[in-house]
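Enquirer: Just so you know, we're using numbering that gives the first Met the number 0 here: the sequence shown kicks off at 0 and counts up by one.
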Amino acid sequence: MRNELLAIPILIVAFGWIYADRTVRLHGDSQIELSKSILIHFDTNVDGLLHVLASDTLGVDLNLMRWAATELGTETFRAGRYEFNEPVSRFELLSKISRGEQDPVNLRIPTAMMRVNLAIRLSNQMRFTAAEFDSTSRDSSLLASLDVNEHHLVGRLLPDTYQFYWTASPEDVIRRVHATFVDRVQKRYQTRLDSLGWTVDEATTMASIIEWEVRHADEMARVSGLYWNRINRRMPLQADPTVNYAVGERRRLFHSDYRFDHPYNTYRFRGLPPGPLNNPRLIAIEAALYPESHNYIYMVANSEGYHTFTRTYAEHLRESRKWVIWLNEQVRMRQERQKIQDQLTAPGAASR
0 MRNELLAIPI
10 LIVAFGWIYA
20 DRTVRLHGDS
30 QIELSKSILI
40 HFDTNVDGLL
50 HVLASDTLGV
60 DLNLMRWAAT
70 ELGTETFRAG
80 RYEFNEPVSR
90 FELLSKISRG
100 EQDPVNLRIP
110 TAMMRVNLAI
120 RLSNQMRFTA
130 AEFDSTSRDS
140 SLLASLDVNE
150 HHLVGRLLPD
160 TYQFYWTASP
170 EDVIRRVHAT
180 FVDRVQKRYQ
190 TRLDSLGWTV
200 DEATTMASII
210 EWEVRHADEM
220 ARVSGLYWNR
230 INRRMPLQAD
240 PTVNYAVGER
250 RRLFHSDYRF
260 DHPYNTYRFR
270 GLPPGPLNNP
280 RLIAIEAALY
290 PESHNYIYMV
300 ANSEGYHTFT
310 RTYAEHLRES
320 RKWVIWLNEQ
330 VRMRQERQKI
340 QDQLTAPGAA
350 SR
């Protein structure tokens with residue numbers, strides 16, 4: 000009898016120790032310290048979660064994590080992006096992922112991106128692929144619901160930083176960003192568009208040309224005024240960025256490029272191109288809608304990163320020659336520097 004009475008407190012202590020050990024292993028505040036976000040592409044089970052944790056080399060004890068999941072009876076873990084900026088317990092980690100409590104992504108939509116490049120940049124930040132985004136951006140039912148055609152959609156993907164869950168679909172992103180464009184541009188400037196007799200897509204097309212043409216924002220309205228002058232005088236727009244778009248890359252253009260037969264080449268076809276070249280910033284759209292008033296119809300780049308504007312073709316030729324001379328001098332100087340560098344790094348140069 001005495002031995003049985005002694006066994007009771009021993010059992011109580013043992014149970015208490017087991018319970019305390021279980022509690023600490025499940026709920027200890029600083030058991031897991033993660034160095035980066037956890038990305039789970041699809042809903043998964045314990046094995047799938049452990050595979051993610053192992054492949055991401057997060058330094059988690061996988062055996063204890065499996066035990067914790069069994070203890071909690073947690074079987075399904077939701078797709079998503081999960082951040083743990085402070086040390087957490089196994090219970091907190093498993094509970095957050097099993098409930099699908101994602102942390103949002105600050106999705107950055109860059110400026111002046113062609114659609115194919117934009118799809119790649121966005122897919123690098125989200126779960127969807129570039130191909131999935133590109134396919135969605137061409138979906139006829141989606142475009143019809145937004146009242147925009149395929150060629151003009153990119154001009155409405157307003158550059159900014161937006162918050163999304165990592166698992167958001169391409170359609171979610173397109174609809175949200177397009178709605179932002181409607182609020183910030185279409186509704187705000189509709190009266191101005193009506194007074195100009197322009198559609199919003201014509202405005203974004205002009206803005207996309209300005210965006211590529213101009214390095215400094217304080218020059219945008221002046222360049223816009225020049226393009227407006229050409230249009231109003233029924234001159235060809237002859238905008239170099241449209242040729243860059245036609246040949247498929249931004250680079251120094253050659254004489255043969257200006258003859259390239261492409262509907263976006265404004266050296267061959269009058270007026271605006273069929274659609275925007277890229278997604279312009281709001282400041283470029285405003286420059287397109289509110290051009291500077293002047294009489295310039297020609298411009299050429301200069302060594303300060305701006306443009307030199309002229310009223311006559313003779314003046315333009317003179318400034319163009321200055322630009323070509325400067326460019327050739329830059330090439331000569333680079334070649335000279337490279338020659339000196341090659342001499343310094345050539346075998347035996349140190350002993351000479």
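Glycine residues also receive a C-beta, built at the ideal position from the N, C-alpha and C atoms.
Considering only C-alpha positions, which residue in the set G224, N62, E149, W66 is nearest to N294?
Expert: Residue G224 is the option with its Cα nearest to N294.
Enquirer: Nearest to Q101 by CA position, among R251, H40, L121, is which residue?
Expert: Minimum Cα distance to Q101 is reached at H40.
Enquirer: So, at 7 angstroms on beta carbons, what are the nonlocal neighbours of R267 in its own chain, with the 5 sequence-adjacent residues on each side left out?
Expert: D260, listed in sequence order.
Enquirer: Looking at the structure shown, is D102 part of a helix, part of a strand, or coil, going by DSSP?
Expert: Coil at D102, not helix or strand.
Enquirer: So, is P235 buried or exposed, given that buried needs 16 or more other C-beta atoms within 10 angstroms?
Expert: It counts as exposed.
Enquirer: Rounded to a whole number of angstroms, what is the C-alpha to C-alpha distance between G47 and M64?
Expert: G47 and M64: Cα-Cα distance of roughly 12 angstroms.
Enquirer: Find the nearest neighbour of T73 within the set L93, R80, R89, judged by alpha-carbon distance.
Expert: Here the closest residue by C-alpha is L93.
Enquirer: Alpha carbon to alpha carbon, how far is V246 from T344? Give it in angstroms, no decimals.
Expert: The straight-line gap from Cα to Cα measures roughly 38 angstroms.
Enquirer: With respect to 7 angstroms, is the separation between the Cβ of P235 and the closest non-hydrogen atom of the ligand GDP below this value?
Expert: Absence of the ligand GDP from the depicted structure is noted, as is the absence of any ligand whatsoever, leaving it without description.
Enquirer: What is the residue span of the beta strand (DSSP E) that M298 lies within?
Expert: Looking at the DSSP string, the run of the beta strand (DSSP E) that includes M298 is 297–300.
Enquirer: Along the chain, where does the beta strand (DSSP E) containing V31 start, and where does it finish?
Expert: The sequence given here places Ile at residue 31; Val does not occur at that position. Counting along the chain, I31 falls outside any beta strand (DSSP E), and DSSP gives it neither H nor E.
Enquirer: Chain C beta carbons: is any one of them nearer than 8 angstroms to that of R187?
Expert: Chain labels in this structure do not include chain C; a single protein chain is all it has.
Enquirer: Taking the beta carbon of E248 as the centre, do at least 16 other beta carbons fall within 10 Å, making it buried, or is it exposed?
Expert: Exposed is the call here.
Enquirer: According to DSSP, is Q124 part of a helix, a strand, or is it coil?
Expert: Coil at Q124, not helix or strand.
Enquirer: Could you tell me the alpha carbon to alpha carbon distance between V23 and E70, rounded to whole angstroms?
Expert: Caution applies to V23, whose pLDDT of 43 falls short of 50 and renders its modelled position unreliable; the value that the coordinates give is listed next. About 13 angstroms.
Enquirer: First and last residue of the alpha helix (DSSP H) that includes Y289?
Expert: Looking at the DSSP string, Y289 is not in any alpha helix (DSSP H), and its letter there is neither H nor E.
Enquirer: Quick one: which unbroken beta strand (DSSP E) runs of 3-plus residues sit fully inside the segment 130–160? Chain order, please.
Expert: None, since the segment 130–160 contains no complete beta strand (DSSP E) of that length.
Enquirer: Where does the unbroken beta strand (DSSP E) through F308 begin, and where does it stop?
Expert: Start and end: 306–309.
Enquirer: Report all residues from its chain with a CB closer than 6 angstroms to the CB of L281; omit the five preceding and five following residues, and keep chain order.
Expert: So no residue of the chain qualifies.
Enquirer: How would you call Y312, buried or exposed, if buried means at least 16 neighbouring beta carbons within 10 angstroms?
Expert: Its Cβ having fewer than 16 others within 10 Å, Y312 is exposed.
Enquirer: Where I352 and N264 are concerned, what is the direct C-alpha to C-alpha distance, given to the nearest angstrom?
Expert: In the structure displayed, the chain extends from 0 to 351; residue 352 sits before or after that span and is not available.
Enquirer: Applying the 10 Å Cβ sphere with the 16-neighbour rule, what's the burial state of R114?
Expert: Its Cβ being crowded by 16 or more others within 10 Å, R114 is buried.
Enquirer: Does the beta-carbon distance from A283 to E210 come in below 8 angstroms?
Expert: Yes, they are a contact pair.
Enquirer: Applying the criterion that 16 or more other CB atoms from any shown protein chain within 10 Å of the CB defines a buried residue, is K321 buried or exposed?
Expert: Flag for K321 reads exposed.
Enquirer: Exposed or buried, what is M112 when buried is set at 16 or more other beta-carbons lying within 10 Å of its beta-carbon?
Expert: Looking at its Cβ environment, which holds 16 or more other Cβ atoms inside 10 Å, M112 is buried.
Enquirer: Compare the C-alpha of P86 against each of H150, W227, I96, L33 and name the closest.
Expert: When each option's Cα is compared against that of P86, the closest is L33.
Enquirer: Count the C-beta pairs between the segment 120–130 and the segment 177–184 that are closer than 8 angstroms, then say yes if the count reaches three, no if not.
Expert: No, because fewer than three Cβ pairs between the segment 120–130 and the segment 177–184 fall closer than 8 angstroms, the two stretches do not touch.
Enquirer: Fully enclosed by the segment 180–259, which alpha helix (DSSP H) runs are 4 residues long or longer?
Expert: Counting only runs of 4 or more, we get 189–195, 199–212, 219–231, 239–246.
Enquirer: Would you mind stating whether G196 and P275 have Cβ atoms separated by less than 8 angstroms?
Expert: Taking 8 angstroms as the Cβ cut-off, G196 and P275 do not qualify as a contacting pair.
Enquirer: Report the residue from Q340, H150, R89, I96 whose alpha carbon sits nearest the alpha carbon of N278.
Expert: It is H150 whose Cα lies nearest to the Cα of N278.
Enquirer: Quick one: Cα of L156 to Cα of I108, how far?
Expert: C-alpha separation (whole angstroms): 8 angstroms.
Enquirer: How long is the line joining the alpha carbons of F253 and N243, rounded to whole angstroms?
Expert: Answer to the nearest angstrom: the Cα atoms are 10 angstroms apart.
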